[in-house]
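I have placed the structure first, in the form of structure tokens, so that the comments after it can refer back to it.
Numbering (our numbering), first residue to last: 108 to 255.
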């Protein structure tokens with residue numbers, strides 16, 4: 108189910124910033140965002156032909172993301188807030204994968220605050236590549252800090 112009227116349009120500056128990898132906070136645009144009766148999903152997948160949304164458990168089809176505004180941006184509304192996977196049709200291949208933006212920012216508020224002040228003395232506990240499990244999904248969280 109996909110209702111285009113439920114998906115707010117992005118302005119040209121936001122689209123350009125995403126396309127040029129210069130958006131200051133891509134989590135504010137990409138991934139899931141609560142909407143009336145479900146959620147709006149956006150994914151930036153240059154080169155993809157089509158993107159479907161599947162339930163993480165059982166892979167039931169939840170909806171399709173439609174191309175929107177910039178080459179590689181797909182968006183849509185689904186009537187579900189359950190964890191999901193993206194089924195991406197690439198030229199010559201199909202991939203079913205997690206949406207990395209569905210997990211949100213994984214650095215905690217205290218870590219971000221201390222990094223911003225330049226007073227974080229336990230950097231090895233939050234930066235670099237750290238194996239972890241989030242929402243029953245095992246993987247590696249990679250975080251770097253570039254203040255400017």
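Beta carbons: idealized from backbone N, C-alpha and C, even for Gly.
None of the values given here were measured: they were computed from a predicted structure.
Buried or exposed for residue i, going by 16 or more other Cβ atoms inside 10 Å?
i	result
residue 158	buried
residue 149	buried
residue 178	exposed
residue 195	buried
residue 145	buried
residue 137	buried
With a threshold of 8 angstroms on Cβ separation, who are the neighbours of residue i within its own chain once the five nearest residues in sequence on each side are excluded?
i	result
residue 241	210, 213, 248
Give every residue of the same chain whose Cβ lies closer than 7 angstroms to the Cβ of residue i, excluding the five residues on either side of it in the sequence, and list them in chain order.
i	result
residue 207	none
residue 108	In this prediction, residue 108 scores a pLDDT of 47, lower than 50, which makes its location untrustworthy; no coordinate-derived value is stated.
residue 168	159, 161
Going along the chain, which residues of its own chain have a beta-carbon closer than 6 angstroms to the beta-carbon of residue i, five neighbours each way excluded?
i	result
residue 147	114, 140, 184
residue 221	227
residue 203	192, 194
Report the option in the options whose CA atom is closest to the CA atom of residue i.
i	options	result
residue 128	145, 151, 144, 143	151
residue 154	192, 117, 197	197
residue 188	163, 238, 216, 121	163
State the Cα-Cα distance for the pair residue i and residue j, rounded to the nearest angstrom.
i	j	result
residue 181	residue 251	27 angstroms
residue 161	residue 229	38 angstroms
residue 175	residue 126	12 angstroms
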